[in-house]
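S.K.: Basically my numbering = 1-based index in the sequence shown + 2.
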Amino acid sequence: MKPSEEAYGLQRLFTVGHAAAAALVFLPPLPLAIALANGVDVRFWVGHIMLLPVAAAVVALALPAFGTLPRPTGGFLSGSVWVPAALIAAGSFACRLHASSVAGELQGPECFVSTERRNLYEAYAEADALYSTCLGLLAQAPGRAPPLMGVADCPQYPEASKRWGRQFEYLAALERRFPCANACYGGRRLWEDPGVLAPSCAPFAAQSLRASAAWSTVLIEYSAVVVLVNLLLHCSLLAPLVRRFEEVAF
Numbered sequence: 003m004k005p006s007e008e009a010y011g012l013q014r015l016f017t018v019g020h021a022a023a024a025a026l027v028f029l030p031p032l033p034l035a036i037a038l039a040n041g042v043d044v045r046f047w048v049g050h051i052m053l054l055p056v057a058a059a060v061v062a063l064a065l066p067a068f069g070t071l072p073r074p075t076g077g078f079l080s081g082s083v084w085v086p087a088a089l090i091a092a093g094s095f096a097c098r099l100h101a102s103s104v105a106g107e108l109q110g111p112e113c114f115v116s117t118e119r120r121n122l123y124e125a126y127a128e129a130d131a132l133y134s135t136c137l138g139l140l141a142q143a144p145g146r147a148p149p150l151m152g153v154a155d156c157p158q159y160p161e162a163s164k165r166w167g168r169q170f171e172y173l174a175a176l177e178r179r180f181p182c183a184n185a186c187y188g189g190r191r192l193w194e195d196p197g198v199l200a201p202s203c204a205p206f207a208a209q210s211l212r213a214s215a216a217w218s219t220v221l222i223e224y225s226a227v228v229v230l231v232n233l234l235l236h237c238s239l240l241a242p243l244v245r246r247f248e249e250v251a252f
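1) Looking at Val56: is its Cβ nearer than 8 Å to the Cβ of Ala35?
2) Can you tell me where the alpha helix (DSSP H) with Ala35 in it begins and where it stops?
3) Rounding to the nearest angstrom, what Cα-Cα distance links Ala79 and His50 in this structure?
4) Exposed or buried, which one is Glu194 when buried takes at least 16 other CB atoms within 10 Å?
5) Under 8 Å, with one C-beta from each stretch per pair, do the region 91-108 and the region 121-128 reach the 3-pair mark?
6) So, Ala92 versus Leu38, is the Cβ gap smaller than 8 Å?
7) Less than 7 Å between C-beta atoms, sequence neighbours within five positions excluded: which residues of the same chain meet that for Pro31?
8) Distance check for Asp130 and Ala154, CA to CA, integer angstroms please.
9) Find the nearest neighbour of Ala174 within the set Ala24, Val42, Ala22, judged by alpha-carbon distance.
10) Buried or exposed: Gly167, going by 16 or more other Cβ atoms within 10 Å of its Cβ?
11) Under the assumption that Ala25 contacts Leu65 (Cβ atoms under 8 Å), give the Cβ distance between them as a whole number of angstroms.
12) Across which residues does DSSP place Gly189 in a beta bridge pair?
13) Output needed for Tyr159: all residues of its chain with C-beta closer than 7 Å, excluding positions within five of it in sequence on either side, in chain order.
14) Write down the C-beta distance between Leu108 and Ala204 rounded to the nearest angstrom, noting that I regard them as a contact closer than 8 Å.
15) Looking only at its own chain, which residues have a Cβ that is under 8 Å from the Cβ of Met151, when we skip the five neighbours before and after it?
16) Do Ala185 and Tyr126 have their C-beta atoms closer together than 8 Å?
17) Give the DSSP-derived three-state secondary structure of Val115 in the structure shown.
18) So, is Leu140 buried or exposed, given that buried needs 16 or more other C-beta atoms within 10 angstroms?
19) The alpha helix (DSSP H) that contains Phe170, what's its start and end?
20) Among the residues of its own chain, which have a CB less than 7 Å from the CB of Val198, if the five just before and after it don't count?
21) For Phe28, I'd like the list of residues in its chain whose CB is within less than 7 Å of its CB, leaving aside the five on either flank, ordered along the chain.
22) Looking at the structure shown, is His50 part of a helix, part of a strand, or coil, going by DSSP?
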């Protein structure tokens with residue numbers, strides 16, 4: 003084989019191998035990262051930190067397009083794997099840390115330790131008062147009053163949502179997923195099956211956050227394995243191939 007033909011073959015090997023490695027490494031954790039990022043409890047309590055692992059995996063899958071550069075380097079090929087893996091681990095670790103901390107707070111009896119939980123309590127109290135007002139107005143209405151499906155049907159609900167919209171959405175989501183009400187002491191349900199007494203949503207939310215923390219740990223461990231395997235492959239296989247490519251191409 004002529005040197006130029008060998009160089010062309012090695013470059014094609016780098017391009018195809020890089021794309022295959024990226025797909026093999028970053029496609030499996032991507033659905034899990036997306037699911038965690040879209041989790042209702044994670045979004046409310048933790049924020050958008052899980053978008054970092056999602057973005058890192060997507061970028062890693064797109065990086066092989068740059069493998070067609072005239073001179074692929076070992077640093078680029080190796081770094082395109084371990085840098086996204088490190089970002090996935092960092093975002094997942096932050097999610098795990100925060101989710102575990104919030105889950106512990108939600109398991110406790112105190113409702114006013116965190117600002118978020120206090121805001122949920124105040125939002126529920128206002129929604130409960132609004133629901134009571136609506137029931138009173140319906141009872142006084144002449145003739146047959148239309149049924150009240152939930153607090154969201156109250157005329158004053160849009161106005162209250164201007165202040166508590168984020169909290170209302172989360173409380174409604176909790177009632178849709180769990181047989182509970184409020185995020186502190188329980189009470190009557192206001193959005194789903196309104197009027198039915200139910201226990202606090204805090205234990206259910208805490209359990210959901212602990213599950214998210216456990217799955218975040220899976221991503222951390224997966225990323226650590228990816229980095230270790232990548233280092234071994236870089237030393238044993240990638241570095242010699244890159245050196246050979248530089249010898250025959252330049």
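A virtual CB, placed ideally from N, CA and C, is assigned to each residue, including glycine.
What you are looking at is a predicted structure, and each value in this text was computed from that prediction instead of being measured.
M.R.: Per the coordinate set shown:
1) yes
2) 31-40
3) Ala is not the amino acid found at residue 79; the sequence shown has Leu there. C-alpha separation (whole angstroms): 29 Å.
4) buried
5) no
6) no
7) Ala59, Ile90, Leu221, Tyr224
8) 11 Å
9) Val42
10) exposed
11) That belief does not hold up - the Cβ atoms of Ala25 and Leu65 are roughly 11 Å apart, past 8 Å.
12) Ala200
13) Leu132, Val153
14) 4 Å
15) Pro196
16) yes
17) coil
18) exposed
19) 159-179
20) Arg190, Arg191
21) Ala59, Ala62, Leu63, Pro86
22) coil
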